[in-house]
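To start, the structure itself, in structure tokens.
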RNA sequence: GCCGCCUUAGCUCAGUUGGUUAGAGUGUUUGUUUCGUAAACAAUUGGUCACGGGUUCGAUUCCUGUAGGCGGCUCCA
């Protein structure tokens, strides 16, 4: 690890704002933080950044924790799990931010600004690309342009105001990003960001620095969209707590939409027909539900595996990783800089691999529930064997409805159309004979059933090939599934014969 | 507009001190197997390493310019 951090216990944080469902990119940020922390025996903290009260959405916080639970990414400390640095909700930490904002003003590193939101709006409309910065701050209403006395009286009168950081003139701010190497910004290019809002809440910029310090965060991984505001954070660290205490930064590549190059959004998922949220999210206002990966039939192992591959690989060519393997092999040096395009086909491939790889017992209960939702009652004793028989054919957990459902419930609409054209009386005779033969057979094993079937076919001077499809349609209802005789063996004598008779009746 | 980041098969990515013929997976197509589907296995297809210039015996790799894409520029995070 990089020097300066070797002696400290690794502590990382994920800091979502509770404004809606958790997006793919959010979960990946969690994942990378989590993998890094666990690999170094460190702590993973979840801090809720709810400083914008206008965007607060009820239920969003619970949703975040439920998502983490589903993914197996358990926080060591959070607003839900508690911990030594509580509270973990920024709204509950409100008083401590003001103290630092005031300190900055006193030291001349920040200033009061009295411009109203409306005034700024007009300014932005008036002047193209207006920025509150070195060039314009002298023209605005703030403690830099006002006399000390005027400022005093405005403050005394309770005039609404914000505190802005005073950026130094034409200075280079440098820092080393774990993924991008040395990054340099000139302060003239950054504006005087608001640190404390008029309602006394901090903005992200102040809160993230104060909390990362107070919570002893050593490494901060976040999305690339934060890169441009990093210099503000570096400056704040320098002013408040010292650069030597600052966490190491890593700005993760964006997740891009499959077509084009933009950042993946929920809308892209809706448009292209795939989920972007981890789990179903129901908007409390519009009552609208957005489908999640979990409900689409993804396994958490596959979801996590797929996410890990978005921007990282271990260089060996291995693609399927368990969470434990990821913890062992993850390396921030191997995270790439370019945006990672989200590929839903590949996501499905991961899921299929995990359905095959995992013992069915790990998702049996869930499949049983999915079947039950479709009105198919599965008994546990056979279910495990049946799932094993068909799991190679399933991309989603929901595919088990089609692939395994017929074992428990005969199809109401067997695919008669594909056998009717070639149906003839001697085939009918064959199946009537088959029923009789099967009624008498002492053994009910796949191999024996096949042998009897073929012998009987030979006796009727019919090729087994011509009879297999009808037999499959009778038992399965369609042209899919495992070997027909295995299916018959599973169904048992009574059910097999019933299904033959039923379809024979429909062919009449 | 300003600043920053990125650019290797259709797609996701390897290629880390410059060195033979740039590699995987996925996808496409085909074959093997099967009653058939899926899987599996095998084969096939696929690249002006964004473009220009420079350094060098030699550049995908280092430097530089250009283009394109993206991100940010809220009292949002």
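In this note's numbering, the protein residues as written are 62 to 569. Every residue, glycine too, gets a C-beta built ideally from N, C-alpha and C.
In the same chain as residue 470, and ignoring 5 residues on each side of it, the C-beta atoms closer than 7 Å to its own belong to 437, in chain order. By the criterion of at least three beta-carbon pairs nearer than 8 Å, the stretch 320-333 is not in contact with the stretch 435-455. Within 10 angstroms of the beta-carbon of residue 229 lie fewer than 16 other beta-carbons, which makes it exposed.
According to the DSSP assignment, residue 310 belongs to the beta strand (DSSP E) that extends over 309-313. Of all alpha-carbon atoms in 126, 415 and 399, the one lying nearest the alpha-carbon of residue 78 is that of 126. Secondary structure at residue 238: strand, using DSSP grouped into helix, strand and coil. Classified as buried, residue 532 has 16 or more neighbouring CB atoms from the shown chains inside 10 Å of its CB. Each residue's CA atom was taken as its position, placing residue 514 and residue 525 some 8 Å apart. Assignment of alpha helix (DSSP H) within the stretch 443-479, counting only whole runs of 4 or more residues, yields 460-469 in chain order. Of the residues assessed, residue 304 falls on the exposed side of the cut-off, its CB having fewer than 16 other CB atoms within 10 angstroms. Between residue 98 and the set 240, 393 and 140, the nearest pair of CA atoms involves 393.
With fewer than 16 other Cβ atoms from the protein chains shown falling within 10 Å of its own Cβ, residue 567 counts as exposed. Annotation: the continuous alpha helix (DSSP H) that includes residue 217 extends over 209-217. Taking the Cα of residue 151 as reference, the smallest distance to any Cα among 201, 111 and 84 is reached at 111. Of the candidates 71, 81, 420 and 233, 81 places its Cα closest to the Cα of residue 349. In this structure, residue 202 and residue 176 form a Cβ contact; the two beta carbons are roughly 5 Å apart against a cut-off of 8 Å. When secondary structure is reduced to three states using DSSP, residue 373 falls in the strand class. Taking 3 residues as the minimum length, the beta strand (DSSP E) runs contained wholly in the stretch 225-271 are 233-238, 242-247 and 255-257, in order along the chain.
The stretch 364-377 makes no contact with the stretch 154-173: fewer than 3 CB pairs, one atom from each, lie closer than 8 Å. Going by DSSP, residue 329 is part of the alpha helix (DSSP H) stretching over 327-333. Within the same chain, 238 and 281 come within 6 Å of residue 310 by CB-CB distance, once the 5 residues on both sides are set aside.
With fewer than 16 other CB atoms across the displayed protein chains lying within 10 angstroms of its CB, residue 522 is exposed. With fewer than 16 neighbouring CB atoms inside 10 Å of its own CB, residue 135 falls in the exposed class. Between the stretch 346-365 and the stretch 290-297, the count of C-beta pairs closer than 8 Å stays below three; the two stretches do not touch. Taking 3 residues as the shortest admissible run, the stretch 104-163 contains the following complete beta strand (DSSP E) segments, listed from N- to C-terminal end: 104-107.
The beta carbon of residue 198 sits closer than 7 Å to the beta carbons of 205 and 253 from its chain, once the five residues preceding and following it are set aside; these are given in chain order. Rounded to the nearest angstrom, the gap between the Cα atoms of residue 179 and residue 378 is 55 Å. Taking a cut-off of 8 Å on C-beta distances, the stretch 497-517 does not touch the stretch 458-477, as fewer than three cross pairs fall below it. If you look at residue 198, you'll find it isn't in any alpha helix (DSSP H); DSSP assigns it neither H nor E. In the structure shown, the three-state DSSP call for residue 93 is helix.
Its Cα nearest to that of residue 410, the residue 457 stands out among 384, 448, 389 and 457. Residue 459 is a Cβ neighbour of residue 358, given a cutoff of 9 Å.
Between residue 407 and residue 367, the alpha-carbon positions lie close to 8 Å from each other.
With distances taken between CA atoms, residue 75 lies nearest to 94 out of 83, 86, 94 and 85.
Boundaries of the alpha helix (DSSP H) harbouring residue 293: 291-301, taken from the DSSP string. Per the C-alpha coordinates, the member of 129, 70, 307 and 117 positioned closest to residue 338 is 129.
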